[in-house]
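Participant: Numbering (my numbering), first residue to last: 35 to 158. Even for Gly, the Cβ is constructed at its ideal location relative to N, Cα and C.
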Ligand SMILES: [Zn+2]
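1. What did DSSP end up calling residue 142 once you bin it into helix, strand or coil?
2. For ligand 1, which residues count as neighbours when the test is a C-beta closer than 5 Å to any heavy atom?
3. Would residue 72 be called buried (16 or more neighbouring beta carbons within 10 Å of its own) or exposed?
4. Quick check: the stretch 107 to 120 against the stretch 50 to 59, are at least 3 beta-carbon pairs closer than 8 Å?
5. Tell me, to the nearest whole angstrom, how far the beta carbon of residue 90 is from that of residue 97; I am working on the premise that it is less than 8 Å.
6. Starting from residue 116, follow the beta strand (DSSP E) in both directions and report where the run begins and ends.
7. Measure the alpha-carbon distance for residue 39 versus residue 131 and round it to whole angstroms.
8. Just to confirm, is the Cβ distance from residue 82 to residue 44 under 8 Å?
9. Taking residue 75 as the reference, give the member of 95, 92, 49, 64 with the closest Cα.
10. Following the continuous alpha helix (DSSP H) through residue 64, name the residue where it begins and the one where it ends.
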């Protein structure tokens with residue numbers, strides 16, 4: 035990266051990784067919301083750019099993709115196509131959303147908790 039300062043190189047590398055998480059669902063899943071990797075990248079970019087962390091986090095919203103949880107199905111419609119979503123306003127909670135019937139939640143503090151709670155639901 036000829037001609038770029040060390041900070042510019044870091045900014046370019048970090049923003050490229052974060053942008054890829056918005057384009058590639060697998061990356062958005064594995065280094066998306068609620069991962070230490072994402073937290074570190076967002077914080078570093080916010081520091082370099084002098085922008086609020088929340089603004090950077092919202093700009094690079096990780097791509098979502100349906101997750102297939104083995105034999106697990108939506109408890110309401112039976113679909114295997116479920117998504118992990120995040121409540122960005124509260125910025126703490128994650129929940130499962132059914133692509134087919136739109137059932138969602140309840141929230142959990144991490145993906146595993148949100149999945150377990152969603153699959154345990156027996157009410158709409
Ligand atoms: Zn459903």
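Facilitator: The structure says:
1. In the chain shown, counting from the first residue as 1, residue 142 sits at position 108. Looking at residue 142 - three-state DSSP - the assignment turns out to be strand.
2. Any residue whose Cβ sits closer than 5 Å to a heavy atom of ligand 1 makes the list: 108, 110, 111, 113, 132, 134, 135, 137.
3. Numbered from 1 along the chain shown, position 38 holds the residue referred to as residue 72. Buried, because 16 or more other Cβ atoms sit within 10 Å of the Cβ of residue 72.
4. By the Cβ rule, the stretch 50 to 59 does not count as touching the stretch 107 to 120, because fewer than three pairs are nearer than 8 Å.
5. Residue mapping note: residue 90 aligns to position 56 of the chain shown, counting from 1. Residue mapping note: residue 97 aligns to position 63 of the chain shown, counting from 1. Contact between residue 90 and residue 97 is absent: CB atoms are separated by about 16 Å, not below the 8 Å threshold.
6. By one-based count along the chain shown, residue 116 stands at place 82. Residues 116 to 120.
7. Position 5 of the chain shown, counted from the start, is the residue given in the question as residue 39. Position 97 of the chain shown, counted from the start, is the residue given in the question as residue 131. Residue 39 and residue 131 have their C-alpha atoms spaced approximately 43 Å apart.
8. Along the chain shown, read from residue 1 onward, the residue named residue 82 stands at position 48. Along the chain shown, read from residue 1 onward, the residue named residue 44 stands at position 10. Yes, they are a contact pair.
9. Stepping through the chain shown from its first residue, residue 75 is reached at position 41. Selected option, being the one with the closest Cα: 49.
10. Counted from its first residue, the chain shown places residue 64 at position 30. 59 to 64 is the extent of the alpha helix (DSSP H) around residue 64.
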